[in-house]
Amino acid sequence: MEEARNSTATERFYAFLNQCIPWLIGIFLFFNPFPHTTAVKEISFYLSLLFFLVLLFARKRGFSFRTPLSIPFALFVIWSCIGLFFALNKPNSFHDIYAHLLKYLFVFYIVVNFFSSEKRFQAILWVFIISTGILIFILLIHEYAILHRPLRELFGLYFPEIAPNIIALLTLFSMLLSISLIRDVNPTYRNIVLIASVCLSAFATAATQARSAILAMIGAIAVIFPRRKKILLWFCVITVALAAAFMPIKDRFTLDAMRQKMKDDHRLSIWLCYAEIIKDHPIVGVGFGMQTCYDEKMLMKYNQKVPEKYRMPHPYTAPHNLLVDTATRTGLVGLALFLYILFSFVKMGWHLIRRGRNEFIRDWSLCIMGTFVAVFIQGMFENTLSGPPAVILYSIFAMMTILWRMQHEPSGAPRTGAPAPDAPGKANP
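Note that this note's numbering has the sequence shown beginning at 10, numbered continuously upward.
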């Protein structure tokens, strides 16, 4: 009798851990864009990771690491670790392999394993939408009510820890999710919330005056357009067009403004400087550590190798391009492996869009592919492999993988080590 009670208590404990993990990782994702919330994010992340490992080693839940991205991820991690032996800044490279690669992969696998039902998949979408909506509301108060900044200034320019271009990445991601969640079958109040989210996100995106965000929006809409309701897409286009017509961003797309941008923009100079670094470290790069390029003497040495008219006026410690960034830190081999990750993701998404076994999978695969296109385009002009943008990128990887699992592991199919449907530790709500 006593043994049965102990067994029941143990099972309840494992069931409690199983139920806590989605909430904890949800808290981590919710606070992802907010500054000064490091303690909340770290506590929620490490608790979810601890509970995940306890359940994994106790074999109290059916975890699966089988995904189309697992091999590409593993190869990229292995190559990044090999680069440690040749890194110019070994301590920082060791730190960043964990902080800016393995940590995001932990988030990826936890999301894939704990949000694998339609209900939980939609729950994580709402986490991103509500989180970004609150961030925009706080920014509106901070910029216009407290600081009294004029509309012509970049939205969020004086907000701590996050730049306007990164704000645009977050708001565009939320806008695309909101558009895809709007349905005729939704309760009216839910559609009202989603429409408000689209309007707020469109305003915030335009207010940042980020050209890359507008290009990303065009690219994402081009992907989503074939299947989404045209009225929703036109609503998005009209909203942004109206915002652009009455906001300073319209001045950034005049012919004179574009010519001036081409003349003054330093990105080409930055990329040419980092190309010189890649030439000297073509195989394994300078090491995964992002602080390696904080060495201004090293940067200026390579800057001198660039033709004089294209030299950087001062050191830029980041390449502002995710592909150049990857090639600099992991070499051309690392870049090839990173492109292998992206290729595997696109291949998986294309298969689901074309051959998804139900409308849910096909529609959401298209939406997630659209968000990926948006983040990738913005990543060609910004630093997106760390911080909030990286969490968004790996969440996109995870959401597409969840849809892949729905396609290949239908609901109700048994998994190795998974609890029985009526067991206390069952996976799905």
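Cβ coordinates follow ideal geometry from the N, Cα and C atoms, glycine included.
What you are looking at is a predicted structure, and each value in this text was computed from that prediction instead of being measured.
Assigned exposure category for residue i - 16 Cβ within 10 Å defines buried
{"i": "D289", "result": "exposed"}
{"i": "T47", "result": "exposed"}
{"i": "A436", "result": "Below a pLDDT of 50, predicted positions are generally treated as unreliable, and A436, at 37, falls in that range; the measurement from the model is reported next regardless. A436 should be labelled buried."}
{"i": "W88", "result": "buried"}
{"i": "E317", "result": "exposed"}
{"i": "I377", "result": "buried"}
{"i": "R68", "result": "exposed"}
{"i": "I52", "result": "exposed"}
{"i": "R75", "result": "exposed"}
{"i": "D431", "result": "Low confidence applies here, because D431 scores a pLDDT of 35, under 50, leaving its location unreliable; read the following figure in that light. Answer is exposed; the Cβ neighbour count stays below 16."}
{"i": "L26", "result": "buried"}
{"i": "Y107", "result": "exposed"}
{"i": "R70", "result": "buried"}
{"i": "P159", "result": "exposed"}
{"i": "I292", "result": "exposed"}
{"i": "T410", "result": "buried"}
{"i": "F94", "result": "exposed"}
{"i": "W373", "result": "buried"}
{"i": "A96", "result": "buried"}
{"i": "A222", "result": "buried"}
{"i": "I247", "result": "exposed"}
{"i": "L277", "result": "exposed"}
{"i": "E152", "result": "buried"}
{"i": "Q313", "result": "exposed"}
{"i": "P169", "result": "exposed"}
{"i": "Y167", "result": "exposed"}
{"i": "R192", "result": "exposed"}
{"i": "T393", "result": "buried"}
{"i": "P100", "result": "exposed"}
Rounded distance between the beta-carbons of residue j and residue i, thought under 8 Å
{"i": "I36", "j": "F60", "result": "The pair is not a contact, with the Cβ atoms about 13 Å apart (cut-off 8 Å)."}
{"i": "A225", "j": "A383", "result": "4 Å"}
{"i": "L156", "j": "L179", "result": "L156 to L179, Cβ: 20 Å. No contact."}
{"i": "A336", "j": "C302", "result": "Wrong, their Cβ atoms sit about 12 Å apart, outside the cutoff."}
{"i": "L163", "j": "T217", "result": "6 Å"}
{"i": "T380", "j": "A219", "result": "The Cβ separation is near 16 Å, so there is no contact."}
{"i": "A399", "j": "V121", "result": "Contact flag wrong, Cβ pair sits at about 17 Å."}
{"i": "F297", "j": "S79", "result": "About 20 Å separates the two Cβ atoms, so there is no contact after all."}
{"i": "S57", "j": "L38", "result": "10 Å between Cβ atoms; not a contact."}
{"i": "P81", "j": "L346", "result": "7 Å"}
{"i": "R414", "j": "S125", "result": "6 Å"}
{"i": "L375", "j": "I362", "result": "5 Å"}
Any non-hydrogen atom of the ligand FMN closer than 6 Å to residue i Cβ
{"i": "T301", "result": "Annotation note on the ligand FMN: not contained in the displayed structure, which lists no ligands."}
* Any 3 or more C-beta pairs closer than 8 Å across the region 360–378 and the region 339–348 -> no
* To do: Just list the alpha helix (DSSP H) runs in the region 329–371, keeping only unbroken ones of 4 residues or longer that don't cross its boundaries, in chain order.
  => 331–364
* Between the region 201–218 and the region 173–190, do three or more beta carbon pairs fall short of 8 Å? -> yes
* Asked: Three or more C-beta pairs closer than 8 Å, one from the region 39–57 and one from the region 165–183: is that the case here?
  -> yes
* Using 8 Å as the threshold, is the region 197–206 in touch with the region 225–234, meaning 3 or more CB pairs across them? -> no
* Where in the region 170–236 do unbroken runs of the alpha helix (DSSP H), each at least 4 residues long, occur, reported from the N-terminal end onward? -> 173–190, 197–216 and 220–233
* Should the region 396–413 be called in touch with the region 114–123, which here means at least 3 C-beta pairs below 8 Å? -> yes
* Asked: With contact counted as at least three CB pairs below 8 Å, one residue from each stretch, are the region 128–141 and the region 320–333 in contact?
  -> no
* Asked: If you pair each beta-carbon of the region 79–94 with each one of the region 304–323, do three or more pairs fall below 8 Å?
  -> no
* To do: Please confirm if the region 354–362 is in contact with the region 297–308, defined as three or more CB-CB distances below 8 Å between the two stretches.
  => no
* At which residue ranges does the region 100–176 contain complete alpha helix (DSSP H) runs of 4 or more residues, listed in the order of the chain? -> 112–123 and 127–149
* To do: Would you mind listing the alpha helix (DSSP H) stretches within the region 279–326 that are 4+ residues and don't spill past its ends, in chain order?
  => 305–312
* **Ordered list of alpha helix (DSSP H) runs contained in the region 373–417, each at least 4 residues** => 396–417
* Asked: Could you give the uninterrupted runs of the beta strand (DSSP E) lying entirely in the region 45–88, keeping only those of 3 residues or more?
  -> none
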